[in-house]
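Engineer:
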Amino acid sequence: FGGYKFFASDNDVVFLFENRKDNFAGLDGPAHLFGTLWASQNTDFRTIVADRSYKYLYNDGPFTVNRFLELFVKTIGMVNSSMIAESARWGTLFGGSWTRNNQFYAEVKRMLDTYIPNRTNYVRQHFQEQGYLPSVFPPTINPRSGKIAYGGNVNFTSQRGYTMYYTLDGTDPRQSGGSISPLALNRSSQFSITITEPITIKVRCKSGNTWSAIDVVTYYPLMNKCELCGKIKITEIMYNPGDPGVEFIEIKNVGNSVANLIGTRVEGVQFEFSVDENSHYFNAFNLGLGTTLGNFSLASLNPGQFYVITYSPLEFKTIYNLTASNKFFG
89 FGGYKFFASD
99 NDVVFLFENR
109 KDNFAGLDGP
119 AHLFGTLWAS
129 QNTDFRTIVA
139 DRSYKYLYND
149 GPFTVNRFLE
159 LFVKTIGMVN
169 SSMIAESARW
179 GTLFGGSWTR
189 NNQFYAEVKR
199 MLDTYIPNRT
209 NYVRQHFQEQ
219 GYLPSVFPPT
229 INPRSGKIAY
239 GGNVNFTSQR
249 GYTMYYTLDG
259 TDPRQSGGSI
269 SPLALNRSSQ
279 FSITITEPIT
289 IKVRCKSGNT
299 WSAIDVVTYY
309 PLMNKCELCG
319 KIKITEIMYN
329 PGDPGVEFIE
339 IKNVGNSVAN
349 LIGTRVEGVQ
359 FEFSVDENSH
369 YFNAFNLGLG
379 TTLGNFSLAS
389 LNPGQFYVIT
399 YSPLEFKTIY
409 NLTASNKFFG
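Under the working numbering, read the sequence shown as residues 89 to 418, first letter to last.
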């Protein structure tokens, strides 16, 4: 709700050449703030730049080739029809006759065939030259985030034998100023972590005083669903009320141990205890309830714990003065 908001103008010029390289530090306008901060050599700011650059340019980030293609094709589908009116409005401004089926589709083809397949590598190279991406890279991680067999191993391999620092509690292994967090564990060359519960691992490599960008991976172990038999029960249903908004299903762990629910679906409605972060973390504030449930996860239910899904969390709150755990569809 505060701070700066920047709106790009004529940012389409970046699509003219796939090998275009700009020195942000030398530009006026909002980019001048970036240049000033970068020139200050503040290590925390430079680490933030490295973290964001690595996140977007590697490991299926939005600027990797396949994700870039996916987003571009989706956007073209959104504006395809409107380009007819757009070309009618502007198509003769510079002489000639520019149309969707000719000039616009030709540009789309160039983007798909040439620009997008090559742009990511040019940006990576440029960011390394400018120092936005450090020479020290995070370790390779196999497998990446997502569902994993209960008791499965995640393997971490350091590039060039750099020391790896990692945490299992969601904190950064690097402290502000560049020191090593007292909560960080360290390994060299290669190590594995056995996954038996939902976990987020944050890892960096370090060589001398140089930290790599951070890599963040989250895993959800899949348990044999027979282990849930007799443990998870539907304890209450409000079925087909006069107001469909207050329809709800109450689920309870009646067992004596934690129940891992990842991959479990509730039949009859559209709801899955999913590894999708937007599905298994409920933020009541985003639904207008004015509060949050904190770090409440659908990954597991403790003994005696309830979980309530409803068609309309807002109406559920109004009618029952209770906060639902999540929303179902269908």
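Every residue, glycine too, gets a C-beta built ideally from N, C-alpha and C.
Would you decide whether Ile322 is buried or exposed? Buried here means 16 or more other CB atoms lie within 10 Å of its CB.
Structural biologist: On the sequence shown, position 234 is the one that residue 322 refers to. Ile322 is exposed by the Cβ-count criterion.
Engineer: What residue does the beta strand (DSSP E) around Arg292 start on, and which one ends it?
Structural biologist: Taking the first residue of the sequence shown as 1, we reach residue 292 at position 204. Counting along the chain, the beta strand (DSSP E) containing Arg292 begins and ends at 287 to 295.
Engineer: Return the first residue and the last residue of the alpha helix (DSSP H) that Phe215 is part of.
Structural biologist: Counted from its first residue, the sequence shown places residue 215 at position 127. Taken as a continuous stretch (DSSP letters only), the alpha helix (DSSP H) holding Phe215 covers 204 to 218.
Engineer: Less than 8 Å between the CB atoms is what I'm expecting for Tyr308 and Lys415, so what's the real figure, rounded?
Structural biologist: Position 220 of the sequence shown, counted from the start, is the residue given in the question as residue 308. Position 327 of the sequence shown, counted from the start, is the residue given in the question as residue 415. Rounded, the Cβ-Cβ distance is 20 Å, inconsistent with contact.
Engineer: Taking the alpha carbon of Ser141 as the reference point, which residue from Tyr92, Arg212, Ile407 has its own alpha carbon closest?
Structural biologist: Walking along the sequence shown from the start, residue 141 turns up at place 53. The shortest C-alpha separation from Ser141 is found at Arg212.
Engineer: What three-state label does DSSP hand Thr259 in the structure shown?
Structural biologist: Numbered from 1 along the sequence shown, position 171 holds the residue referred to as residue 259. Of the three classes helix, strand and coil, the one that applies to Thr259 here is coil, per DSSP.
Engineer: Hey, Gly333 and Ser400 are a contact pair by Cβ (cut 8 Å); roughly how many whole angstroms apart?
Structural biologist: Position 245 of the sequence shown holds residue 333. Position 312 of the sequence shown holds residue 400. So it is a contact: roughly 4 Å between Cβ atoms.
Engineer: Rounded to whole angstroms, what's the CA-CA distance from Lys405 to Phe394? Just pull it up for me.
Structural biologist: Your numbering for residue 405 matches position 317 in the sequence shown. Your numbering for residue 394 matches position 306 in the sequence shown. Their backbone Cα atoms lie some 16 Å apart in a straight line.
Engineer: Using the Cα positions of Ser300 and Ala138, report the straight-line distance between them to the nearest angstrom.
Structural biologist: Counted from its first residue, the sequence shown places residue 300 at position 212. Counted from its first residue, the sequence shown places residue 138 at position 50. So the alpha carbons of these two residues sit roughly 8 Å apart.
Engineer: Under a three-way DSSP split, which group does Phe225 fall into?
Structural biologist: Position 137 of the sequence shown, counting from 1, holds the residue named residue 225. Note: Phe225 maps to coil in three-state DSSP.
Engineer: Leaving out the 5 sequence neighbours to the left and right, which residues in its chain are closer than 7 Å to Ile204 when beta-carbon positions are compared?
Structural biologist: Taking the first residue of the sequence shown as 1, we reach residue 204 at position 116. For Ile204, where only same-chain residues beyond five positions count, the Cβ hits under 7 Å are Val153, Phe156, Leu157, Phe160.
Engineer: By a C-beta neighbour count over all protein chains shown, 10 Å radius and 16 as the cutoff for buried, is Asp303 buried or exposed?
Structural biologist: Taking the sequence shown and counting its residues from 1, the one referred to as residue 303 is at position 215. With 16 or more Cβ atoms within 10 Å of its Cβ, Asp303 is classed as buried.
Engineer: Take the Cβ of Ile325 as the centre, count every other Cβ of all protein chains shown within 10 Å, and call the residue buried at 16 or more, exposed below.
Structural biologist: One-based indexing of the sequence shown puts residue 325 at position 237. Flag for Ile325 reads exposed.
Engineer: Pull up the CB-CB distance for Ser223 and Asp132, whole angstroms please, since I reckon it's below 8 Å.
Structural biologist: Within the sequence shown, numbered from 1, the residue matching residue 223 stands at position 135. Within the sequence shown, numbered from 1, the residue matching residue 132 stands at position 44. Rounded, the Cβ-Cβ distance is 19 Å, inconsistent with contact.
Engineer: In angstroms with no decimal places, state the Cα-to-Cα distance between Ser128 and Phe122.
Structural biologist: As a working note, residue 128 is residue 40 in the sequence shown. As a working note, residue 122 is residue 34 in the sequence shown. Cα to Cα, the separation comes out at about 10 Å.
Engineer: Considering only residues of the same chain and omitting the five flanking positions on each side of Ile172, which have a CB-CB separation below 6 Å?
Structural biologist: For the purposes of this step, residue 172 is taken as the residue at position 84 of the sequence shown. Excluding residues within five positions, the ones whose Cβ falls inside 6 Å are Arg188.
Engineer: What is the residue span of the alpha helix (DSSP H) that Gly165 lies within?
Structural biologist: Counting from one through the sequence shown, the residue named residue 165 turns up at place 77. It spans 153 to 167 - the alpha helix (DSSP H) in which Gly165 sits, taken as one unbroken run.
Engineer: Could you tell me if Ala412 is buried or exposed, where buried requires 16 or more neighbouring beta carbons within 10 angstroms of its beta carbon?
Structural biologist: Residue numbering aside, residue 412 sits at position 324 when the sequence shown is read from its first letter. The residue is buried, with at least 16 neighbouring Cβ atoms inside 10 Å.
Engineer: From Glu355, Arg353, Asn348, Ile397, pick the residue whose C-alpha is nearest to that of Pro391; which is it?
Structural biologist: In the sequence shown, the residue the question calls residue 391 occupies position 303. Here the closest residue by C-alpha is Asn348.
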